[in-house]
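Accompanying notes for the structure given below.
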Amino acid sequence: GMLGAYLLEDMARIPAQAEISSEFRYKNPIVPPGTFVIAISQSGETADTLAALRELKAKGAHVIAICNVQDSSIAREADGCIYLKAGPEIGVCSTKAFTSQVAVIALFTLLMARMRHMSRDEGQQFLMALKKIPDQVQQVLSRVESVRALAKKYAHYENFFFLGRRYMYPAALEGALKLKEIAYINANAYPAGEMKHGPIALINPDCPTVAYCGDSFTEEKLKSNLMEVKARSGLILAI
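Taking the working numbering, the leading residue of the sequence shown gets -14, the next gets one more, and so forth.
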């Protein structure tokens, strides 16, 4: 949801904000006329998201679902549904659901942007970048031995920080979540610029920082944050 809101504002220039379903229903939310809602659920049965969807529809919002399970409650009750078609969920970490959701939101954003201001050439460049992703994922998977060596090096640590800026911040949140879900290791993700407002006090040689450096727009700012981590003897694993 956060990545979707970032994309819609950045590319399509549509004001957007992400909401946590389990909190949203208790906010007494203000829903102005013309509000469009994207409800995201792997199963289509998430109780909090379903409750938020019903409240929003009652307040007059138009709701579209992004869902993986056909004929699920959320898919039926939304005004429209985009199916992920990612296959059945096998494990709770369900990385394929997350990556499929991001891909669907990216395509939806592309459509919104093209209907407004984005040129055909810009749209094609964006589409070509999306089409390269499977090969780029394969390049990472082909480096399994070096990844395994790093995993062994860091396996004994009990606490991790994940840092990112802009698009890399929601990605850092997802990375920290995966480490918790799969390895049962405590991990906290922060926007890198907020690290100095308290959390940096916990940096020490026993708490590595995983830094998401894939956003060229914020790379220099992120490097500055990582220098602060190094100054406190923190280990850094840069991606």
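Glycine included, every Cβ here is placed at the ideal spot set by N, Cα and C.
Next item on the list: Count the other C-beta atoms from every protein chain shown that fall within 10 angstroms of the C-beta of A161, then say buried if there are 16 or more, exposed otherwise.
Entry: Classified as buried, A161 has 16 or more neighbouring CB atoms from the shown chains inside 10 Å of its CB.
Notebook entry, point to check: Any contact of the region 117 to 131 with the region 23 to 31, i.e. 3+ C-beta pairs under 8 Å?
Noted result: no
Note to self: Once the 5 residues before and after Q86 are set aside, which same chain residues still bring their CB inside 7 Å of it?
What the structure shows: I25, I51, L69
Check: Whole beta strand (DSSP E) runs in the region 15 to 93 with 3 or more residues, listed along the chain?
Finding: 21 to 26, 47 to 52, 65 to 68
Check: Using the C-alpha atoms, what's the distance from M100 back to F93?
Finding: So the alpha carbons of these two residues sit roughly 11 Å apart.
Checklist line | Residues near F83 in its chain [Cβ-Cβ closer than 7 Å; skip 5 each side] | finding: E159
Next item on the list: Identify which residue in S209, D200, A174, S201 has its Cα closest to the Cα of C192.
Entry: A174
Item checked: Among L95, K116, I170, D33, the one whose alpha carbon lies nearest that of G108 -> L95
Check: Just checking, does the region 177 to 192 make contact with the region 141 to 153 on the three C-beta pairs under 8 Å criterion?
Finding: yes
Next item on the list: Within 10 angstroms of the Cβ of N171, are there 16 or more other Cβ atoms? Answer buried if so, exposed if not.
Entry: Result: exposed.
Notebook entry, point to check: With C-beta atoms as the reference, is A216 less than 8 Å away from A196?
Noted result: no
Next item on the list: State buried or exposed for F202, treating a residue as buried only when at least 16 other CB atoms are found within 10 Å of its CB.
Entry: exposed
Margin query: My assumption, with CB atoms under 8 Å, is that C66 sits in contact with K163. Please give the rounded CB distance.
Written below: In fact, because the Cβ distance is near 26 Å, the residues do not count as touching under 8 Å.
Item checked: Of the residues S209, A140, P155, the one placed nearest Y169, counting alpha carbons only -> A140
Check: What is the residue span of the beta strand (DSSP E) that G199 lies within?
Finding: Following the DSSP letters along the chain, one finds G199 in no beta strand (DSSP E), marked with neither H nor E.
Notebook entry, point to check: Any idea what DSSP makes of G149, helix, strand or coil?
Noted result: Here G149 sits in strand by DSSP.
Next item on the list: Assign A134 to one of three DSSP states: helix, strand, or coil.
Entry: helix
Note to self: Judging by CA-CA distance, which residue of I23, K44, H102 is the nearest neighbour of A63?
What the structure shows: I23
Notebook entry, point to check: What residue from A88, P18, A1, M97 has the CA that sits closest to A41's CA?
Noted result: It is worth fixing the name first, because residue 41 is Leu in this sequence and not Ala. Nearest option by C-alpha distance: P18.
Next item on the list: Please classify G183: is it buried, with 16 or more other beta-carbons within 10 angstroms of its beta-carbon, or exposed?
Entry: exposed
Next item on the list: Could you spell out where the alpha helix (DSSP H) holding I118 opens and where it closes?
Entry: In the DSSP assignment, I118 falls within the alpha helix (DSSP H) that extends over 118 to 126.
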